[in-house]
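Peer 1:
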Amino acid sequence: MTRRERLTLFLLLCSICLWSQRRPQPVEIPSYPCLHTDRGQDSLRFPGSHERFDSLYRRLDTLLVEGRGNVNILHIGGSHVQSGDFSHRMRTHFATFTSHPGNRGMLFPFTALKTNAPQNYAMWHEGAWSGARCVKPDAALPLGLSGACVETSDTLARIFLSMNSLSEWRTDTLRILGEGSQDTVVPMLLCGSDTLSPLPSDGYAGFRFALLPETDTCALFFPGLHDENVSFRLRGIMPEGRLSGITYTASGINGASVPSWLKCELFTDELSLVKPDLVVFGIGINDANVLPQRFNPEQFKSNYRRLIERIRMVNPACCFIFITNNDCWFNVRGRRRQFNTNTPRVQQAMTELAREYDGAVFDAFALMGGLRSSNAWVKAGLQRADHIHFTRQGYELWGDLLYNAVVNDFLLATQTPEEP
Numbered sequence: 003m004t005r006r007e008r009l010t011l012f013l014l015l016c017s018i019c020l021w022s023q024r025r026p027q028p029v030e031i032p033s034y035p036c037l038h039t040d041r042g043q044d045s046l047r048f049p050g051s052h053e054r055f056d057s058l059y060r061r062l063d064t065l066l067v068e069g070r071g072n073v074n075i076l077h078i079g080g081s082h083v084q085s086g087d088f089s090h091r092m093r094t095h096f097a098t099f100t101s102h103p104g105n106r107g108m109l110f111p112f113t114a115l116k117t118n119a120p121q122n123y124a125m126w127h128e129g130a131w132s133g134a135r136c137v138k139p140d141a142a143l144p145l146g147l148s149g150a151c152v153e154t155s156d157t158l159a160r161i162f163l164s165m166n167s168l169s170e171w172r173t174d175t176l177r178i179l180g181e182g183s184q185d186t187v188v189p190m191l192l193c194g195s196d197t198l199s200p201l202p203s204d205g206y207a208g209f210r211f212a213l214l215p216e217t218d219t220c221a222l223f224f225p226g227l228h229d230e231n232v233s234f235r236l237r238g239i240m241p242e243g244r245l246s247g248i249t250y251t252a253s254g255i256n257g258a259s260v261p262s263w264l265k266c267e268l269f270t271d272e273l274s275l276v277k278p279d280l281v282v283f284g285i286g287i288n289d290a291n292v293l294p295q296r297f298n299p300e301q302f303k304s305n306y307r308r309l310i311e312r313i314r315m316v317n318p319a320c321c322f323i324f325i326t327n328n329d330c331w332f333n334v335r336g337r338r339r340q341f342n343t344n345t346p347r348v349q350q351a352m353t354e355l356a357r358e359y360d361g362a363v364f365d366a367f368a369l370m371g372g373l374r375s376s377n378a379w380v381k382a383g384l385q386r387a388d389h390i391h392f393t394r395q396g397y398e399l400w401g402d403l404l405y406n407a408v409v410n411d412f413l414l415a416t417q418t419p420e421e422p
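With the working numbering, letter number 384 in the sequence shown gets 386, and the count goes up by one each step, no holes.
1) Hey, quick one: how far does the beta strand (DSSP E) through I325 stretch, first residue to last?
2) DSSP three-state call for R135: helix, strand or coil?
3) When you compare only the Cα positions, how much space is there between V232 and R374?
4) Residue range of the alpha helix (DSSP H) that S203 falls in?
5) Would you check if the stretch 191-203 and the stretch 92-111 touch, i.e. whether three or more CB-CB distances between them fall below 8 Å?
6) Give me the Cα-Cα distance between V417 and D56, rounded to the nearest whole angstrom.
7) Quick check: the Cα distance between D329 and N344, rounded to an integer number of angstroms?
8) Please name the residue, chosen from M352, S195 and M240, that lies closest to R172 on a Cα-to-Cα basis.
9) Report yes if the CB atom of G238 is closer than 7 Å to the CB atom of S148, and no otherwise.
10) Can you name, in chain order, every residue of its own chain whose Cβ lies under 8 Å from the Cβ of H391, other than the five neighbours on each side?
11) Per DSSP, what are the beta-bridge partners of D87 in this structure?
12) Please go through the stretch 331-408 and give each complete beta strand (DSSP E) segment of 3 or more residues, from N-terminal end onward.
13) Which residues in the same chain have their Cβ closer than 8 Å to the Cβ of N72, if we skip the five residues on either side of it in sequence?
14) Just grab the DSSP bridge partners of T197 for me.
15) Going by the DSSP bridge assignment, what does V152 pair with across the sheet?
16) Per DSSP, which residues does L176 bridge with? Please list them.
17) Check whether the Cβ atoms of L222 and W263 lie closer than 7 Å to each other.
18) Out of N406, G396 and T353, point me to the one whose CA is closest to F48's CA.
19) Helix, strand or coil, according to DSSP, for R2 in the structure here?
20) Hey, does L192 have any beta-carbon neighbour from chain C nearer than 7 Å?
21) In whole angstroms, give me the CA-to-CA distance for Q301 and I287.
22) Who are V281's beta bridge partners in DSSP?
23) Taking just the CA atoms, how far does V187 sit from R91?
24) Taking DSSP's pairing of strands, which residues face A252 in a bridge?
25) Is Y59 near the ligand GDP - that is, is its Cβ less than 6 Å away from at least one heavy atom of it?
26) Is the distance from the Cβ of L273 to the Cβ of Y306 below 7 Å?
27) Measure the Cβ-Cβ separation of V402 and I75 and say whether it is below 7 Å.
28) Checking 7 Å against the spacing of the C-beta atoms, do Y59 and A415 come in under that value?
29) Quick one: is F412 buried, meaning 16 or more other Cβ sit within 10 Å of its Cβ, or exposed?
30) In its own chain, which residues sit with a C-beta less than 8 Å from the C-beta of D218, not counting the 5 before and 5 after it?
31) Tell me the rounded alpha-carbon separation between S423 and S376.
32) In angstroms with no decimal places, state the Cα-to-Cα distance between M190 and A362.
33) Compute the Euclidean distance between the alpha carbons of A124 and F162, then round it to the nearest angstrom.
34) Is it true that the CB of I313 sits closer than 7 Å to the CB of F364?
35) Which same chain residues end up closer than 6 Å to W400 when comparing Cβ atoms and leaving out the 5 residues on each side of it in sequence?
36) Strictly by DSSP, which residues pair up with I161?
Take a look at the structure:
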């Protein structure tokens with residue numbers, strides 16, 4: 003062996019060792035009798051091809067080894083996502099995937115909508131605000147990626163954001179998704195004693211502000227408001243940084259079904275700001291919250307296809323994970339409750355969609371134990387008494403399980419020949 007060949011072999015072995023040391027590891031899962039993992043239910047299932055995920059994993063591998071590039075994940079759904087515990091558990095795990103996290107992902111001032119807000123960031127408001135959500139039959143305001151919008155004509159209106167609650171993510175820019183009813187209504191940002199104007203347009207929607215270093219709290223205000231016929235509409239705030247990493251964006255609205263997201267006319271435009279490489283679908287439990295004779299699996303899949311095509315307009319190479327519905331109750335005429343027998347039909351429909359789009363299935367229904375299994379999850383303190391939503395402990399468990407499923411599949415797909 004020549005000296006050059008020995009050097010090449012040495013460098014190759016060094017890179018393999020370095021890569022092995024940096025490989026992410028699954029997190030430890032507590033033991034629960036109600037959790038069914040004996041037949042691999044905690045793994046991703048691929049009814050079709052794995053090729054799309056192979057391409058995604060190559061990008062993750064480059065990010066992991068060389069620190070180059072970005073991987074963007076979108077988690078979209080209903081109340082399971084709006085609560086924030088499930089998606090934030092995933093976000094914090096992926097933040098440790100590389101040496102530094104990507105961007106934080108979109109924020110929304112849910113308190114201005116008078117609804118529950120995630121507890122993993124601090125955002126509050128002053129003044130009078132009205133709002134709209136994609137679950138309403140006729141949304142009076144334009145909706146986008148967040149599925150919601152708030153509007154104000156109040157000269158005293160403010161939106162406050164604690165930058166300390168975002169300290170895990172390096173943020174130097176805030177992007178405001180929204181617009182004034184007139185061009186003269188331009189938002190301003192108050193950081194400490196400094197008032198900031200928007201940066202010049204970079205070709206995307208909304209307004210961008212360059213943050214000052216060591217900013218604790220920012221306040222968004224609207225000096226162009228002067229009467230009730232002039233307003234500003236806000237659909238979300240995106241903290242942005244310039245480092246490579248994994249960005250995990252969550253879009254969740256209580257009660258949202260697939261048709262709810264199809265009503266968001268600005269969805270594709272604002273999705274281009276995220277350009278997801280992977281979309282985690284958690285939509286289905288509200289679609290199936292009907293009597294069995296009223297649930298149409300073919301219409302359910304058709305609605306999903308329309309949403310998927312909108313996403314593929316932004317990134318044709320996007321990968322998809324379908325989270326099946328959890329075992330749950332639904333109300334019969336508002337009085338009697340029974341277990342929802344549509345849940346296995348959603349499980350089958352998502353399997354068929356995953357085969358069609360070369361996606362993955364994360365089978366929450368099987369992990370729980372199938373029909374009527376929510377009784378055991380409620381007893382274990384993981385699911386609420388309504389047999390639909392989960393406790394914080396339960397949502398965090400789902401985040402651990404899904405993260406492990408992705409990481410284990412990544413490790414299996416990218417293992418070197420020297421590894422077992």
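Ideal Cβ positions, reconstructed from N, Cα and C, are used throughout, including at glycine. Since the model is a prediction, treat every value here as computed from it, not as a measurement.
Peer 2: To lay it out plainly:
1) C321 to I325 is the span of the beta strand (DSSP E), which, as asked, contains I325.
2) R135 falls in the strand class under three-state DSSP.
3) 52 Å
4) Unbroken run through S203: none, as it is neither H nor E.
5) no
6) It is Gln, not Val, that sits at residue 417 in the sequence shown. Going by the C-alpha atoms only, they are around 12 Å apart.
7) 10 Å
8) M240
9) yes
10) S81, H82, S85 and Q385
11) Bridge partners of D87: none, in fact.
12) 331-334, 338-341 and 362-364
13) L65, G104, S246, G247, I248 and T249
14) L192
15) In DSSP, V152 forms a bridge with G133 and L236.
16) F211 and P241
17) Not in contact: L222 and W263 (Cβ atoms no closer than 7 Å).
18) T353
19) Any answer about residue 2 is impossible in this case: the structure gives the chain only from 3 up to 422.
20) The structure shown contains no chain C; it holds only a single protein chain.
21) 15 Å
22) DSSP, once it has assigned bridges, lists L76 and F322 as partnering V281.
23) Rounded to the nearest angstrom, the two C-alpha atoms are 37 Å apart.
24) According to DSSP, which records beta bridges pairwise, A252 is partnered with H77.
25) Among the ligands in the structure shown, none appear at all, so the ligand GDP cannot be discussed.
26) Contact flag unset, no.
27) Reading the sequence as shown, one finds Asp at residue 402 and not Val. No, the Cβ-Cβ distance between D402 and I75 is not below 7 Å.
28) yes
29) buried
30) S164, M165, N166 and G194
31) Absent from the structure is residue 423, since the part of the chain shown begins at 3 and ends at 422.
32) 43 Å
33) 8 Å
34) no
35) Leaving aside the five residues that flank W400 on each side, the residues in its chain whose CB is nearer than 6 Å to its CB run, in chain order, F88.
36) Note: I161 sits in a beta bridge opposite H127 and L222.
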